[in-house]
Structures are given as structure tokens and as C-alpha cells.
Amino acid sequence: MADSGSDISVTVHDSESAAQSGTGGIASGSAAYGTGSTVILSGSSSFTFFNASLDHHLKVSGESGDETKIFQVSPSADLPEISNSIYQSESLIQRRATYEINAHTHTSKIRDISIANPIPSLKIGDVVQIQSTRRGINVLTTITNLTISGTPDSIVNTVETVEYVDLTKD
1 MADSGSDISV TVHDSESAAQ SGTGGIASGS AAYGTGSTVI LSGSSSFTFF NASLDHHLKV
61 SGESGDETKI FQVSPSADLP EISNSIYQSE SLIQRRATYE INAHTHTSKI RDISIANPIP
121 SLKIGDVVQI QSTRRGINVL TTITNLTISG TPDSIVNTVE TVEYVDLTKD
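If you want it as C-alpha cells, here you go:
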């Protein structure tokens with residue numbers, strides 16, 4: 001990201017050495033000075049994986065005279081092609097996309113909980129609140145597995161839940 005004299009210039013390089021030398025840009029764009037200015041990147045002829053339907057690809061902030069800044073950007077999670085025959089419904093596609101996004105930006109806490117009094121209305125995908133003052137827990141979780149087991153004396157629901165926790169860098 002650099003001050004071009006009239007706006008903020010952004011160039012994407014495929015390696016740190018190319019970024020340091022300022023050569024071999026694979027995509028570029030520009031934005032007006034200011035805060036949160038939007039940039040639409042244009043790739044070189046051999047580089048075409050920017051989503052053209054997005055109204056912008058990144059946001060930048062800068063003023064005239066700012067020093068050139070180099071950022072390392074990790075690759076995002078690329079979803080496999082959703083042309084596999086299993087992905088025939090919108091709900092499966094959303095579930096797969098959510099899983100991929102959560103797998104790269106969150107960690108999960110999985111809990112197995114036995115419920116002495118079965119709750120017939122519980123189903124996989126339900127969001128439930130778990131509260132325990134003794135353990136200091138008050139969280140929302142999603143049911144990922146539900147097992148009902150019974151003996152002549154009792155019926156017990158065993159529920160597996162997952163809680164997603166943001167991964168942040170300190």
C-alpha cells in the first residue's frame with residue numbers, strides 16, 4: 001500500500017521478495033485518501049480469482065504523504081467446488097460453507113451432555129443455552145449429535161454440542 005501522489009495505490013505480490021522489491025505485481029487497485037476506502041483489484045491476465053460480483057475486495061485507510069506499507073496476507077479458506085453431487089440443496093451448501101469458515105476462524109469446544117428427562121423436541125442443528133453456576137458456564141451451543149437410549153427403567157438423551165470460539169491474535 002503506497003501513496004501514489006493522488007490516491008492510495010495497492011499492489012498484490014505473490015511473494016515477500018517481490019513485495020520488497022516492488023516488482024512482479026499480480027493484481028492492483030487504488031482508492032481515494034481517507035478511512036475505510038474501498039479497493040477493487042484488477043488481476044494480471046494470468047491471475048483471475050477475484051470475485052467480480054463483490055462491490056470491493058478490501059478496504060484501506062491513508063492520507064497524502066503516508067509511508068509505503070507492506071502487509072502479509074494469509075490465503076483464505078478456498079471452498080472445494082460445490083459441484084459434487086452431494087451439494088444439491090441450499091441448506092447443504094450453507095452448512096458446508098459455514099463449516100469451512102468456522103474451521104479457519106474459530107475453534108470449537110465439543111461437549112457430551114446426558115439429559116435425564118428426554119426432550120422430544122430437540123433436534124440436530126438446534127441452538128441451545130447451557131448454564132451452570134457451579135462450573136461458571138453460560139454459553140450458546142449447537143446440537144451436532146443426539147442419541148436416545150433406553151432401558152426398562154429409564155430413557156436418557158445424550159446430546160453432543162459444539163460451541164465456536166473466535167480465534168484472535170493478541
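Position 4 of the sequence shown, counting from 1, maps to 4 under full-length UniProt numbering, and the rest follow consecutively.
From the three backbone atoms N, C-alpha and C, an ideal C-beta is built for every residue, glycine too.
1) Whole angstroms is fine: what's the gap from isoleucine 143's alpha carbon to glutamine 94's?
2) How far does the beta strand (DSSP E) with residue 180 in it reach, from first residue to last?
3) Thinking C-alpha only, which one of Ala32, Val162 and Ser42 is nearest isoleucine 124?
4) Just curious, the alpha helix (DSSP H) that alanine 27 is in, first and last residue?
5) Quick one: what does DSSP say arginine 111 is sitting in, helix, strand or coil?
6) Can you find the residues in the same chain that come closer than 6 Å, C-beta to C-beta, to glutamine 129, ignoring five residues on each side of it along the sequence?
7) Taking C-alpha atoms, which residue in Lys69, Leu41, Gly25 and Thr23 lies nearest to alanine 31?
8) Between which two residues does the beta strand (DSSP E) harbouring serine 21 extend?
9) Check this for me: beta carbons of valine 12 and serine 37, under 8 Å apart or not?
10) For asparagine 157, I'd like the list of residues in its chain whose CB is within less than 6 Å of its CB, leaving aside the five on either flank, ordered along the chain.
11) Helix or strand or just coil, what does DSSP make of isoleucine 143?
12) Excluding the 5 residues flanking isoleucine 155 on each side, which residues of the same chain have their C-beta closer than 8 Å to its C-beta?
13) Give me whichever residues DSSP pairs with glycine 43 in a beta bridge.
14) Would you check if the distance between the CB atom of methionine 1 and the CB atom of threonine 107 is smaller than 8 Å?
15) Given this structure, state the Cα-to-Cα distance separating glutamine 20 from histidine 57, to the nearest angstrom.
16) Can the beta-carbon of aspartate 3 be found less than 8 Å from the beta-carbon of glycine 43?
17) Answer with buried or exposed for glycine 5, where buried requires no fewer than 16 other C-beta atoms within 10 angstroms of its C-beta.
18) Quickly, what does DSSP pair glycine 11 with across the bridge? List them, please.
Here's the rundown:
1) As a first step, residue 143 is located in the sequence shown; it is residue number 143 there, counting from the start. As a first step, residue 94 is located in the sequence shown; it is residue number 94 there, counting from the start. Between the C-alpha atoms of isoleucine 143 and glutamine 94 there is a straight-line separation of about 17 Å.
2) Limits of the chain in this structure are 1 at one end and 170 at the other, which puts residue 180 out of reach.
3) Taking the sequence shown and counting its residues from 1, one reaches residue 124 at position 124. Here the closest residue by C-alpha is Val162.
4) Within the sequence shown, residue 27 is the residue found at index 27, counting from 1. Here alanine 27 belongs to no alpha helix (DSSP H); instead the beta strand (DSSP E) covers 25-31.
5) Along the sequence shown, one-based indexing puts residue 111 at 111. Arginine 111: strand per DSSP, three-state reduction.
6) In the sequence shown, residue 129 corresponds to position 129, counting from 1. These residues qualify, in order along the chain: Leu140.
7) Taking the first residue of the sequence shown as 1, we reach residue 31 at position 31. The shortest C-alpha separation from alanine 31 is found at Leu41.
8) Counted from its first residue, the sequence shown places residue 21 at position 21. From DSSP, serine 21 is part of no beta strand (DSSP E) but of the alpha helix (DSSP H) over 16-21.
9) Position 12 of the sequence shown, counted from the start, is the residue given in the question as residue 12. Position 37 of the sequence shown, counted from the start, is the residue given in the question as residue 37. Result no, Cβ atoms of valine 12 and serine 37 do not sit closer than 8 Å.
10) The residue given as residue 157 occupies position 157 in the sequence shown. Counting only Cβ-Cβ distances below 6 Å, and skipping sequence neighbours, we find Ile115, Pro118 and Ile148.
11) Residue mapping note: residue 143 aligns to position 143 of the sequence shown, counting from 1. If DSSP states are grouped into helix, strand and coil, isoleucine 143 belongs with the strands.
12) Mapped onto the sequence shown, residue 155 falls at position 155. Take isoleucine 155, set aside five residues on each side of it, and the residues of its chain with a beta-carbon closer than 8 Å to its own are Pro118, Ile148 and Ser149, in chain order.
13) Within the sequence shown, numbered from 1, the residue matching residue 43 stands at position 43. Its beta-bridge partners are Ala27.
14) Taking the first residue of the sequence shown as position 1, residue 1 is located at position 1. Taking the first residue of the sequence shown as position 1, residue 107 is located at position 107. No, these two residues do not count as a Cβ contact at 8 Å.
15) Against the sequence shown, residue 20 aligns to sequence position 20. Against the sequence shown, residue 57 aligns to sequence position 57. If I take the Cα positions, the gap works out to 22 Å.
16) Residue numbering aside, residue 3 sits at position 3 when the sequence shown is read from its first letter. Residue numbering aside, residue 43 sits at position 43 when the sequence shown is read from its first letter. Between aspartate 3 and glycine 43, the C-beta gap is not smaller than 8 Å, which leaves the two residues out of contact.
17) On the sequence shown, position 5 is the one that residue 5 refers to. Its Cβ having fewer than 16 others within 10 Å, glycine 5 is exposed.
18) Against the sequence shown, residue 11 aligns to sequence position 11. The amino acid occupying residue 11 in the given sequence is threonine; glycine does not appear at that position. Paired residues: Ser28.
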